[in-house]
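Below: one structure, written as structure tokens.
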Amino acid sequence: MPLGRHVEPTSRIWPSGGVHLWPPGGTSDADSHDRGHLVYAARGVLSVHTERGTSIVPANRVAWTPAGFVHRHRAHGHTDMRIVFLPASLARLVPGRPAVFTASGLAREVLLALTGPREYDRAASARLRRVLVDELREAPEQPLHLPEPRDDRLRALARRLYDDPGDNTSLAELGQQVGASGRTLSRLFRDELGMTFHEWRTQVRVGHALVLLADGHDTAATARACGWANPSHFIAAFTAVVGTTPGRHRASG
Numbered sequence: 003m004p005l006g007r008h009v010e011p012t013s014r015i016w017p018s019g020g021v022h023l024w025p026p027g028g029t030s031d032a033d034s035h036d037r038g039h040l041v042y043a044a045r046g047v048l049s050v051h052t053e054r055g056t057s058i059v060p061a062n063r064v065a066w067t068p069a070g071f072v073h074r075h076r077a078h079g080h081t082d083m084r085i086v087f088l089p090a091s092l093a094r095l096v097p098g099r100p101a102v103f104t105a106s107g108l109a110r111e112v113l114l115a116l117t118g119p120r121e122y123d124r125a126a127s128a129r130l131r132r133v134l135v136d137e138l139r140e141a142p143e144q145p146l147h148l149p150e151p152r153d154d155r156l157r158a159l160a161r162r163l164y165d166d167p168g169d170n171t172s173l174a175e176l177g178q179q180v181g182a183s184g185r186t187l188s189r190l191f192r193d194e195l196g197m198t199f200h201e202w203r204t205q206v207r208v209g210h211a212l213v214l215l216a217d218g219h220d221t222a223a224t225a226r227a228c229g230w231a232n233p234s235h236f237i238a239a240f241t242a243v244v245g246t247t248p249g250r251h252r253a254s255g
């Protein structure tokens, strides 16, 4: 997905974590850390970009980036981004690759507590981080993930639909424009991205819908912009991917 402009957020940072308050469209520089970290959007929507692709992180998800992975964040809407760094003893208990987890109610409260105004002593902070990791180990991975294609034809197709997620051109017609048959593209989607074209395009559209909702668009306008003529079909697809309806998601932001 296209990145926004680099801006400096309003930040409070300490050794174990911090808070970044981003304006809409704000983007961080590419960076990596010697400790893995969790990010959570207490308000707004985040996208996390790594060499493996883009993950969209609404308020019911927590994103994990292991130590050493180059990454970049983008804010969609006014975004309150919370960061918690994990020591190596806890980082080894979660995946050694970027991942996105469902955020339980307890996980959200612990993330907010660890990054809130109250100061905890080292022992209390360590106990809270352990509770957080235990919650994530029990949580299902539920990424809204757009893997980065390697094939040039898939890249060209992806750029077109990133720019216009509401484009309803068929795969066969898209193939004519990028120089591959629909059958070849179907195989490439399965082999490279691990999903069908329909599944991938739904992920693109729902990701774009999260961005539009964060920017204040209503459900009907968002459905049209993302290629759904029938808002009820959009609501069903959005709920299946995100786990809540567009209306409830807007209210929670």
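Under our numbering, the residue at position 226 of the sequence shown is numbered 228, and the numbers go up by one with no gaps.
Glycine included, each C-beta is placed from N, C-alpha and C at the ideal position.
Taken in chain order, no unbroken stretch of alpha helix (DSSP H) lies wholly in the region 40 to 90 with a span of 4 residues or more. Spatial neighbours of L23 in its own chain (CB-CB distance under 8 Å, excluding positions within 5 residues in sequence) are listed in chain order as P11, T12, S13, H80, T81, D82, M83.
Within the DSSP bridge table, the entry for G184 names no partner. With a cut-off of 8 Å on Cβ pairs, the region 30 to 50 is in contact with the region 68 to 79, counting three or more such pairs. In the three-state reduction of the DSSP assignment, T12 falls in the strand class, which pools E and B. Take V243, set aside five residues on each side of it, and the residues of its chain with a beta-carbon closer than 8 Å to its own are L146, T204, Q205, V208, in chain order.
Residue range 124 to 140 is occupied by the alpha helix (DSSP H) that includes A128. L156 sits in a helix when the DSSP states are folded into three classes. Residue ranges of uninterrupted alpha helix (DSSP H) with 4 or more members, entirely inside the region 190 to 216 and ordered along the chain, are 199 to 216. In this structure, DSSP gives H235 a helical state, which the three-state scheme calls helix. The region 36 to 46 makes no contact with the region 170 to 183, as fewer than three CB pairs between them are under 8 Å.
The alpha-carbon separation between G229 and H219 amounts to approximately 15 Å. Between T104 and A44, the C-beta spacing is not below 7 Å. A straight-line Cα-Cα distance of about 27 Å links G70 and D193.
Residue pairing for G245: DSSP places it in no beta bridge. The residue among E150, P17, N62 with its C-alpha nearest the C-alpha of A253 is N62. About 5 Å separates the beta carbon of V47 from that of P60, a gap short enough to meet the 8 Å contact definition. Between P149 and G55 the beta-carbon gap is near 4 Å, inside 8 Å, which marks them as a contact. Judged by DSSP secondary structure, G20 falls within the beta strand (DSSP E) whose first and last residues are 19 to 24.
Just so you know, the alpha carbons of R124 and A93 end up roughly 17 Å apart. In the same chain as W202, and ignoring 5 residues on each side of it, the C-beta atoms closer than 8 Å to its own belong to L148, F191, L195, in chain order. A check of alpha carbon separations from A160 across H200, R131, R129 identifies H200 as the nearest. Residue pairing by DSSP places E111 in no beta bridge whatsoever. By the criterion of a C-beta distance shorter than 6 Å, E137 is surrounded in its chain by S106, L108, A109, once the five residues flanking it on both sides are discounted.
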